[in-house]
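Visitor:
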Amino acid sequence: MNPISAPRGTRDIFPPESANWNRLEADARDIAHRFGYGEIRTPIFEATELFARGVGETTDIVEKEMYTFQDKGERWMTLRPELTAGTVRALLEHKLLAHGPQRLYYIGPFFRYERPQAGRYRQAHQFGVECFGVGGAEADAEVIQIAAMLIRRYGIGDAELNVNSVGDAVCRPVYRQALLDHFRPHAAQLSADSQRRLERNPLRILDSKDSKDAQFVESAPKMIDHLCDECRAHFEALKRYLDALGIAYVVNPRIVRGLDYYTRTVFEFVSSVLGAQSTVCGGGRYDGLVAELGGPPTPGVGFGLGLERFLMVVDKLAGDHAPPRRGIQAIALGERARDRLIAIVGALREKTAEPTFADWQARKVTAHFKTADRNNARWALILGDEELAKDEIVLRDLLARSDRRLPLVPDAAEVARLLVEATG
Ligand code: ATP
Ligand code: MG
């Protein structure tokens, strides 16, 4: 029988790599909590209509990337392609906006039918935050600081913050017309995708990575030259706040973001080490979204940060640094030693957060040391007949390659206490 593999574009995450995920998720939570954001968990699948309305019919996501299926009750369902629409759906369903602004974060998988390549998967994971109910640029600066703090904590010095404004319902229609006037005379020379976008959503052409479009995109009018007074004041305030927070940025008029719901601020953190899939984090303001999904007019701003891409950057920058050795490998040589060691190992696991590894199989001592290396253990704890006879236990420092002998007293908890002291 042929073995079954994971679906194309998905990947398994297991030790030791999963430790990097655990650490990143813990750091993301820690930073979100510092800003007063609480976690929201929403279903992995939602009614298809939620994304059609909440993400936008003319986006790549809705047009070609969604995993949509009919369930046994013949309802159309979609595996979430992003987490903002579900968050808003939940806010409205539970009337959370009645209590004033809401600050939420999420960590979880999303699904897009894309062509798999480095940094582009069909199941990927995001850490994201959403701030609802604050219309001022101070909220934009706040969410940007969350992403910036996570990036700084991992020492990703080359991640560049790009900011732009895409205007609002007042100035964007005027800009849209300016774009149409610019692109229409060259329509026949544009890529097939961009020709299709021309009448439906010409802003999307600016997002095009097709070389056919490059020359016309380059010369296109810029939204930031067409902002209305209020959008301009918002953008200026954002830049002031970023300066005040010591967050470096560049204004990049090319950033439009793929989703229809953005208003005013859009931003991306881009890393040069990622090649084509360079965007680690993308976000912006979406003041029309809550109303679009049937709620009261409520401003919102947030971002989604791709965990796969973030870890790829961390990996590339870290090079081959081995993770530090941690914990104790307990090695019992013989049945009597094992009987004594079981209680000591049990007590160690109560007393210290560092891992205690134990492989109870009867094997040669060299095989046990190989296991200790595989576990990246810092110490080995060795008990054999010789030690039992002397009421001693050997603690080997696997880095310094030196041994210490500790008294093997009858009370296992006391032995564990001595070991925690000796290895602390
Ligand atoms: P891209 O332009 O690279 O397709 P996007 O604009 O579609 O990105 P968003 O919808 O803003 O991306 O998602 C936020 C973040 O999620 C991205 O910045 C990226 O880090 C990550 N991301 C998006 N799509 C994928 C994917 N298919 N695989 C892995 N990570 C992804
Ligand atoms: Mg995309």
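Numbering (numbering that gives the first Met the number 0), first residue to last: 0 to 423.
Ideal placement from N, C-alpha and C gives every residue a C-beta, glycine not left out.
Do you know whose CA, among K221, Q101, T365, Y248, lies nearest G301's CA?
Guide: Q101
Visitor: In angstroms, rounded to a whole number, what distance separates the CA positions of K369 and K63?
Guide: K369 and K63 have their C-alpha atoms roughly 49 Å apart.
Visitor: Which residue's Cα is closest to the Cα of I39: A290, R88, E141?
Guide: R88
Visitor: Roughly how far, in whole angstroms, is the beta-carbon of T77 from the beta-carbon of F44, given that I think they are within contact range, below 8 Å?
Guide: 6 Å
Visitor: By alpha-carbon positions, which one of A46, Q194, M222, R199 ends up nearest to K211?
Guide: Q194
Visitor: Whether or not the stretch 355 to 375 and the stretch 326 to 341 are in contact is what I'm after, with contact meaning three or more pairs of Cβ atoms, one per stretch, closer than 8 Å; do they touch?
Guide: Taking one beta carbon from each stretch, the stretch 326 to 341 and the stretch 355 to 375 have 3 or more pairs nearer than 8 Å; the two touch.
Visitor: Check whether the stretch 231 to 241 touches the stretch 150 to 157, counting contact only when three or more Cβ pairs, one atom from each stretch, lie closer than 8 Å.
Guide: no
Visitor: Under 8 Å: do the stretch 162 to 172 and the stretch 264 to 272 share three or more Cβ pairs, one atom per stretch?
Guide: yes
Visitor: Can G305 be considered in contact with the ligand ATP, in the sense that its beta carbon sits closer than 6 Å to one or more heavy atoms?
Guide: Under cutoff, so the answer is yes.
Visitor: Enumerated in chain order, which unbroken segments of the alpha helix (DSSP H) with a length of 4 residues or greater are wholly contained in the stretch 272 to 346?
Guide: 288 to 291, 306 to 317
Visitor: Are the CB atoms of Q276 and G99 within a distance shorter than 7 Å?
Guide: Not in contact: G99 and Q276 (Cβ atoms no closer than 7 Å).
Visitor: Quick check on DSSP: helix, strand or coil for F110?
Guide: In this structure, F110 counts as strand in the three-state DSSP scheme.
Visitor: Out of F182, L394, D192, which has the shortest C-alpha to C-alpha gap to P220?
Guide: It is F182.
Visitor: Do A123 and the ligand ATP come close, with the Cβ less than 6 Å from some heavy atom?
Guide: yes
Visitor: Look at R111 and P80 and say whether their C-beta atoms are less than 7 Å apart.
Guide: yes
Visitor: Expressed to the nearest angstrom, what Euclidean distance is found between the alpha-carbon atoms of V169 and G134?
Guide: 16 Å
Visitor: Taking the beta strand (DSSP E) that A168 belongs to, which residues open and close that run?
Guide: Per DSSP, A168 belongs to no beta strand (DSSP E) and is neither H nor E.
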